[in-house]
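For what it's worth, full-length UniProt numbering labels the leading residue of the sequence shown as 1, then goes sequentially. Note that the Cβ used here is the ideal one computed from N, Cα and C, for glycine as well. Small disclaimer: the values here were computed from a predicted structure and weren't measured.
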Amino acid sequence: MTVMTAAAIEDFLDEIFPQRTGTIEGVDEMRATMSLAIEDEHLRPGASVSGPTLMGLADVCLYVAILAQIGPEPMAVTSDLHCRFLRRPRGDRDIIANARILKLGRRLAVGEVQLFSDGDERPVALVTATYALPDGD
């Protein structure tokens, strides 16, 4: 069961993490979806979306999915992140990120994020990540 709405998470992130990238499109049980409108600053030579842009959006998207489950927690932090680039992310399309939490424990959350060029059903990258959650005691 989600404990925060997308709007509540946006407000929370505006306060604690205003430099983040992406827009929350929705949250659900153990899931989140975000989008990123691609600008010149997100491109690498060859008009492809840069790897750091993809990894950053994936990281935030998983954080959003976690916040939706545990509530406002600024000290939930990435402890591990792996990115597999699968195909060229087109620089003329927005990027869509779909996060899914695979395991939500007391101390760790593990998830995966698929990233897509808008309008293409084939993922451009697959990110797996672990978040360290603060001790609730």
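Query raised in the report: Straight-line CA distance for residue 142 to residue 36?
Result: The displayed coordinates of the chain run from 1 to 137. Any statement about residue 142 would go beyond what the structure contains.
Query raised in the report: So residue 7 and residue 58 are in contact, right, with Cβ under 8 Å, and what is the actual spacing, rounded?
Result: By one-based count along the sequence shown, residue 7 stands at place 7. By one-based count along the sequence shown, residue 58 stands at place 58. Not confirmed; about 22 Å, so no contact.
Query raised in the report: Are residue 86 and residue 129 closer than 8 Å when you measure CB to CB?
Result: Indexing the sequence shown from 1 puts residue 86 at position 86. Indexing the sequence shown from 1 puts residue 129 at position 129. It is not a contact, given that the beta carbons lie outside the stated cut-off.
**Report entry** Rounded C-alpha distance that separates residue 133 from residue 11
**Finding:** The residue given as residue 133 occupies position 133 in the sequence shown. The residue given as residue 11 occupies position 11 in the sequence shown. Their backbone Cα atoms lie some 20 Å apart in a straight line.
Query raised in the report: Do you know how far the Cα of residue 39 is from the Cα of residue 102?
Result: In the sequence shown, counting from the first residue as 1, residue 102 sits at position 102. In the sequence shown, counting from the first residue as 1, residue 39 sits at position 39. Near 31 Å, if we compare the C-alpha coordinates of residue 39 and residue 102.
Query raised in the report: Would the beta-carbon of residue 61 fall within 8 Å of that of residue 99?
Result: Here residue 61 is taken as the residue at index 61 of the sequence shown, counted from 1. Here residue 99 is taken as the residue at index 99 of the sequence shown, counted from 1. With respect to residue 99, residue 61 sits close: the two C-beta atoms are nearer than 8 Å.
Query - Cβ pair residue 9, residue 68 closer than 8 Å - result: Position 9 of the sequence shown, counted from the first residue, corresponds to residue 9. Position 68 of the sequence shown, counted from the first residue, corresponds to residue 68. Yes; because the gap between Cβ atoms is below 8 Å, this pair is in contact.
Query - Three-way DSSP call (helix, strand, coil) for residue 112 in this model - result: Taking the sequence shown and counting its residues from 1, one reaches residue 112 at position 112. For residue 112, the three-state secondary structure derived from DSSP is strand.
Query raised in the report: Cα separation between residue 113 and residue 120?
Result: What you label residue 113 is simply residue 113 of the sequence shown in a count that begins at 1. What you label residue 120 is simply residue 120 of the sequence shown in a count that begins at 1. The alpha-carbon atoms of residue 113 and residue 120 are separated by roughly 16 Å.
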